[in-house]
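There are 2 protein chains.
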Amino acid sequence: MSKAKQALEKLGKELAAKILAKQVPVIDIPIRALSNVQYNKKTETLELGNKKSERNFFHVAHAKKFLQTLEVAAVSKELLEEGKHASLRDMFYMVKRTIPNTKINIVDDQIESDSALEDLEVVTNFSREQLNINANKMGSVAGHVIVEDKGDEINWAKMGSGGWSIPSNVEEIIFKKVNAKYVIYMEKAAVWERLHEDKFWEKNNCIIMSSQGQATRGIRRLLQRLSNEHHLPIYVLADFDPWGFYIYSVLKYGSINLAHMSESMTLASARFLGIVAEDIENYGLKKHLITIKDVDVKRIKQLQEYEWFKNHKGWQNQFKKMLAFKAKAEIQALSSRGISFISEKYLPEKIKKGEYLD
Amino acid sequence: MSKAKQALEKLGKELAAKILAKQVPVIDIPIRALSNVQYNKKTETLELGNKKSERNFFHVAHAKKFLQTLEVAAVSKELLEEGKHASLRDMFYMVKRTIPNTKINIVDDQIESDSALEDLEVVTNFSREQLNINANKMGSVAGHVIVEDKGDEINWAKMGSGGWSIPSNVEEIIFKKVNAKYVIYMEKAAVWERLHEDKFWEKNNCIIMSSQGQATRGIRRLLQRLSNEHHLPIYVLADFDPWGFYIYSVLKYGSINLAHMSESMTLASARFLGIVAEDIENYGLKKHLITIKDVDVKRIKQLQEYEWFKNHKGWQNQFKKMLAFKAKAEIQALSSRGISFISEKYLPEKIKKGEYLD
Numbered sequence: 002m003s004k005a006k007q008a009l010e011k012l013g014k015e016l017a018a019k020i021l022a023k024q025v026p027v028i029d030i031p032i033r034a035l036s037n038v039q040y041n042k043k044t045e046t047l048e049l050g051n052k053k054s055e056r057n058f059f060h061v062a063h064a065k066k067f068l069q070t071l072e073v074a075a076v077s078k079e080l081l082e083e084g085k086h087a088s089l090r091d092m093f094y095m096v097k098r099t100i101p102n103t104k105i106n107i108v109d110d111q112i113e114s115d116s117a118l119e120d121l122e123v124v125t126n127f128s129r130e131q132l133n134i135n136a137n138k139m140g141s142v143a144g145h146v147i148v149e150d151k152g153d154e155i156n157w158a159k160m161g162s163g164g165w166s167i168p169s170n171v172e173e174i175i176f177k178k179v180n181a182k183y184v185i186y187m188e189k190a191a192v193w194e195r196l197h198e199d200k201f202w203e204k205n206n207c208i209i210m211s212s213q214g215q216a217t218r219g220i221r222r223l224l225q226r227l228s229n230e231h232h233l234p235i236y237v238l239a240d241f242d243p244w245g246f247y248i249y250s251v252l253k254y255g256s257i258n259l260a261h262m263s264e265s266m267t268l269a270s271a272r273f274l275g276i277v278a279e280d281i282e283n284y285g286l287k288k289h290l291i292t293i294k295d296v297d298v299k300r301i302k303q304l305q306e307y308e309w310f311k312n313h314k315g316w317q318n319q320f321k322k323m324l325a326f327k328a329k330a331e332i333q334a335l336s337s338r339g340i341s342f343i344s345e346k347y348l349p350e351k352i353k354k355g356e357y358l359d
Numbered sequence: 002m003s004k005a006k007q008a009l010e011k012l013g014k015e016l017a018a019k020i021l022a023k024q025v026p027v028i029d030i031p032i033r034a035l036s037n038v039q040y041n042k043k044t045e046t047l048e049l050g051n052k053k054s055e056r057n058f059f060h061v062a063h064a065k066k067f068l069q070t071l072e073v074a075a076v077s078k079e080l081l082e083e084g085k086h087a088s089l090r091d092m093f094y095m096v097k098r099t100i101p102n103t104k105i106n107i108v109d110d111q112i113e114s115d116s117a118l119e120d121l122e123v124v125t126n127f128s129r130e131q132l133n134i135n136a137n138k139m140g141s142v143a144g145h146v147i148v149e150d151k152g153d154e155i156n157w158a159k160m161g162s163g164g165w166s167i168p169s170n171v172e173e174i175i176f177k178k179v180n181a182k183y184v185i186y187m188e189k190a191a192v193w194e195r196l197h198e199d200k201f202w203e204k205n206n207c208i209i210m211s212s213q214g215q216a217t218r219g220i221r222r223l224l225q226r227l228s229n230e231h232h233l234p235i236y237v238l239a240d241f242d243p244w245g246f247y248i249y250s251v252l253k254y255g256s257i258n259l260a261h262m263s264e265s266m267t268l269a270s271a272r273f274l275g276i277v278a279e280d281i282e283n284y285g286l287k288k289h290l291i292t293i294k295d296v297d298v299k300r301i302k303q304l305q306e307y308e309w310f311k312n313h314k315g316w317q318n319q320f321k322k323m324l325a326f327k328a329k330a331e332i333q334a335l336s337s338r339g340i341s342f343i344s345e346k347y348l349p350e351k352i353k354k355g356e357y358l359d
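As they're listed, the protein sequences go chains U and W. So the first sequence is numbered by our numbering: it starts at 2 and just counts up by one. So the second sequence is numbered by our numbering: it starts at 2 and just counts up by one.
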């Protein structure tokens with residue numbers, strides 16, 4: 002029996018025992034709110050604190066949430082038994098049923114089932130992927146890596162121009178061969194296609210990975226497994242803008258939403274590879290600066306206050322320069338220097354010189 | 002030399018000849034606007050009409066656009082010569098240079114280079130993919146198909162849980178083996194993962210393909226190639242909502258934006274597989290209806306007036322019922338009947354009975 006299923010059964014048995022002993026059924030749930038999130042300087046991640054709240058079935062304000070949490074647990078147990086996976090949306094429809102003899106639905110909105118599932122994650126200490134609920138799927142990967150997944154052997158070096166499509170759930174993938182010195186994760190699929198066409202991963206013996214925008218949970222776990230199990234440094238290639246910086250920040254340090262998952266989601270080994278303020282001078286990108294808006298300025302000021310950036314000279318320097326330039330710049334601005342400038346000059350040079358922020 | 006490159010050289014030589022003969026350099030460009038778009042009942046696609054406009058280098062209102070078109074053509078020729086591909090964003094940065102001895106940039110905004118590229122498509126009759134400019138990449142595919150791409154042989158049946166990641170440009174893919182009776186294209190990556198986990202394509206001998214939302218150009222071309230070259234019917238699995246219907250409409254009949262590309266983009270063989278109004282009764286989805294908003298109502302009324310839907314009883318019936326229900330429904334509502342209800346009952350039953358709209 003899987004450990005996740007064991008945890009669900011344990012939860013159920015404990016509640017049943019309380020009911021049989023005529024005690025009030027109660028679940029202790031760690032509080033998932035800013036008030037209970039703290040930055041752990043040692044592990045360099047956002048973590049959940051020790052504050053817990055009681056969810057009491059006989060408390061009128063708790064009863065519905067109590068029921069939702071158990072219903073989500075029941076569906077998850079069913080999925081684990083059948084060896085099937087559901088999306089968050091599926092989960093919503095699967096728990097959305099009417100309580101007999103009433104007109105009340107267990108959930109009316111996906112926010113409720115999502116929230117119940119997050120509660121279940123903190124209660125059981127298993128991620129929703131381990132509870133067989135998948136996040137959205139997106140992204141591609143290429144490199145000298147062979148994995149086994151669902152009985153298929155997949156060679157990331159032999160995937161044509163498309164690459165392997167990264168699944169939403171990478172927990173059961175087995176690494177058969179990993180021949181790479183590092184991983185580059187980029188926020189833009191178009192940049193991935195550029196590096197792939199230039200055979201960057203082949204020439205530089207690395208792995209290239211991308212989604213479109215923020216990294217999915219599948220990608221974050223895949224990066225983490227490559228970092229932990231194969232000790233590969235992870236380079237993050239993003240724009241010189243608050244959003245690019247934020248993508249890096251979430252990858253490396255975690256986010257408030259997922260503070261309870263930090264252990265399996267954060268990437269202490271992540272390094273920011275670009276674009277940085279100095280590149281704009283060094284690589285002649287001045288004329289491709291894009292004026293920032295008020296919302297960007299506000300975002301930079303928030304980033305400046307993040308605990309992990311607050312005393313970080315390198316990052317404070319980037320924020321200051323962006324505010325001074327009053328401008329941001331995109332990775333693709335490098336194309337103005339030639340379509341393969343990024344793969345032939347920019348990246349090899351920066352990696353060789355160790356010009357990254359971490 | 003590639004035919005696309007020949008077309009670009011022809012354009013350049015004609016203009017050079019005019020200049021050498023002391024004539025005014027002029028390009029004739031078919032007008033890409035609603036006034037010049039018509040629905041061809043025979044081919045069942047939106048097409049560009051015959052109206053053209055002259056772009057004159059010596060006309061003060063034309064000079065800049067003229068220059069932009071030629072600059073984009075020059076970059077495209079370079080890409081074709083080097084055998085490399087650029088994204089739309091790359092193209093923007095590559096043509097964004099200052100005209101010597103002035104302070105004027107050839108382009109200041111990506112809208113300008115995108116528009117110049119569309120002009121180049123209609124002038125040369127080559128798609129931007131054939132001109133080595135790629136759209137965004139997204140989506141996955143699985144099935145009993147073997148393709149050759151960039152020297153790699155890729156078996157879509159052996160891709161683990163991820164599937165093959167569909168490239169933005171599928172023009173050069175070679176089909177080595179296609180063993181399938183039909184293709185299902187779905188708008189949601191999560192539904193794709195559901196069907197993939199249930200081995201739907203294996204059990205039903207078909208191909209499953211998805212993006213997230215609107216189909217990318219890479220996917221549309223891949224579907225069209227499977228339809229034209231391998232005579233496979235294409236089933237579109239989308240929500241019972243105006244957006245789902247619109248996705249189908251664009252796939253099958255084309256769109257105003259891409260009217261000049263209809264020949265290589267539309268899918269006369271496309272069939273809408275669901276969700277439809279009748280399913281809501283037949284498959285017990287009533288309690289999962291979602292109330293529509295004013296914007297949905299407006300959208301339905303627009304769809305009702307589309308030339309290809311106007312006299313189509315089946316579609317008019319769907320629009321009327323959605324307005325009567327005042328509600329829409331999602332594919333994933335089927336999960337309320339069981340996580341694999343969609344792959345074990347809904348789809349096989351509907352395909353067997355021929356219950357699709359076309």
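All C-beta atoms, glycine included, are put in the ideal place defined by N, C-alpha and C.
Minimum Cβ-Cβ distance from residue i to chain W less than 8 Å
{"i": "asparagine 137 (chain U)", "result": "yes"}
{"i": "tryptophan 165 (chain U)", "result": "yes"}
{"i": "tyrosine 94 (chain U)", "result": "yes"}
{"i": "aspartate 1 (chain U)", "result": "Since the first residue shown for chain U is 2 and the last is 359, residue 1 (chain U) is missing from the structure and cannot be characterised."}
{"i": "isoleucine 220 (chain U)", "result": "no"}
{"i": "isoleucine 208 (chain U)", "result": "no"}
{"i": "glutamate 198 (chain U)", "result": "yes"}
{"i": "glutamine 303 (chain U)", "result": "no"}
{"i": "lysine 6 (chain U)", "result": "no"}
{"i": "leucine 238 (chain U)", "result": "no"}
Enclosing beta strand (DSSP E) for residue i [first to last residue]
{"i": "glutamate 149 (chain U)", "result": "146 to 150"}
{"i": "isoleucine 235 (chain U)", "result": "235 to 238"}
{"i": "arginine 338 (chain W)", "result": "Careful: arginine 338 (chain W) lies outside any beta strand (DSSP E) and carries neither H nor E."}
{"i": "phenylalanine 93 (chain U)", "result": "Not the beta strand (DSSP E): phenylalanine 93 (chain U) falls in the alpha helix (DSSP H), residues 89 to 96."}
{"i": "valine 179 (chain U)", "result": "175 to 179"}
{"i": "phenylalanine 273 (chain U)", "result": "271 to 275"}
CB contact check: residue i to chain U, cutoff 8 Å
{"i": "serine 265 (chain W)", "result": "no"}
{"i": "serine 336 (chain W)", "result": "yes"}
{"i": "histidine 86 (chain W)", "result": "yes"}
{"i": "serine 3 (chain W)", "result": "no"}
Closer than 9 Å at the beta carbon, the chain W residues around residue i
{"i": "aspartate 425 (chain U)", "result": "Outside the shown range of chain U (2 to 359) lies residue 425 (chain U), about which nothing can therefore be said."}
Where residue i meets chain U, residues with beta-carbon distance less than 9 Å
{"i": "isoleucine 155 (chain W)", "result": "Lys159, Met160, Gly161 and Gly163"}
{"i": "serine 228 (chain W)", "result": "Those within 9 Å of serine 228 (chain W) in chain U number zero; the least Cβ separation is about 20 Å."}
{"i": "lysine 311 (chain W)", "result": "The premise fails here: lysine 311 (chain W) is roughly 33 Å from chain U at the closest Cβ pair, so nothing lies under 9 Å."}
Inter-residue spacing [alpha-carbon to alpha-carbon] between residue i and residue j
{"i": "histidine 289 (chain U)", "j": "serine 336 (chain U)", "result": "11 Å"}
{"i": "serine 270 (chain U)", "j": "histidine 231 (chain U)", "result": "12 Å"}
{"i": "asparagine 41 (chain W)", "j": "glutamate 306 (chain W)", "result": "16 Å"}
{"i": "valine 171 (chain U)", "j": "serine 211 (chain W)", "result": "19 Å"}
{"i": "proline 365 (chain W)", "j": "valine 27 (chain U)", "result": "The structure shown has nothing for residue 365 (chain W), since chain W only spans 2 to 359."}
{"i": "phenylalanine 176 (chain W)", "j": "tyrosine 347 (chain U)", "result": "36 Å"}
{"i": "lysine 151 (chain W)", "j": "arginine 222 (chain W)", "result": "18 Å"}
{"i": "proline 31 (chain W)", "j": "aspartate 91 (chain W)", "result": "26 Å"}
{"i": "glycine 355 (chain W)", "j": "proline 349 (chain W)", "result": "10 Å"}
{"i": "asparagine 156 (chain W)", "j": "valine 251 (chain W)", "result": "29 Å"}
{"i": "glycine 285 (chain U)", "j": "glutamate 45 (chain U)", "result": "34 Å"}
{"i": "lysine 200 (chain U)", "j": "leucine 268 (chain U)", "result": "26 Å"}
{"i": "proline 234 (chain U)", "j": "asparagine 206 (chain U)", "result": "13 Å"}
Beta-carbon neighbours of residue i, restricted to chain W and to distances below 8 Å
{"i": "glycine 352 (chain U)", "result": "Residue 352 (chain U) is actually isoleucine in this sequence, not glycine. Here the premise fails: no neighbours, minimum Cβ distance about 21 Å."}
Residue i: first and last residue of the uninterrupted alpha helix (DSSP H) it sits in
{"i": "phenylalanine 326 (chain W)", "result": "314 to 326"}
{"i": "arginine 221 (chain U)", "result": "218 to 231"}
{"i": "glycine 164 (chain U)", "result": "Here glycine 164 (chain U) belongs to no alpha helix (DSSP H), and DSSP marks it neither H nor E."}
{"i": "proline 26 (chain U)", "result": "Element bounds for proline 26 (chain U): n/a, residue is neither H nor E."}
{"i": "lysine 299 (chain W)", "result": "295 to 306"}
{"i": "serine 263 (chain W)", "result": "263 to 266"}
Proximal chain U residues relative to residue i, where beta-carbon distance stays under 7 Å
{"i": "glutamate 308 (chain W)", "result": "Under the 7 Å cutoff, chain U gives no residues; its nearest Cβ is about 34 Å from glutamate 308 (chain W)."}
Neighbour list for residue i in chain U, Cβ cutoff strictly below 8 Å
{"i": "glutamate 194 (chain W)", "result": "His86, Ser88, Asn135, Lys138, Pro168 and Ser169"}
{"i": "glycine 80 (chain W)", "result": "Reading off the sequence, residue 80 (chain W) comes out as leucine, not glycine. Going along chain U in sequence order, the residues near leucine 80 (chain W) (Cβ under 8 Å) are Ile340."}
Neighbour flag for residue i against chain A, beta carbons, 8 Å
{"i": "leucine 224 (chain U)", "result": "Going by chain labels, chain A is absent from the structure shown, which instead holds the protein chains U and W."}
Per-residue contacts from residue i into chain W (C-beta, under 7 Å)
{"i": "histidine 145 (chain U)", "result": "Result: empty, since nearest Cβ-Cβ is about 13 Å, beyond 7 Å."}
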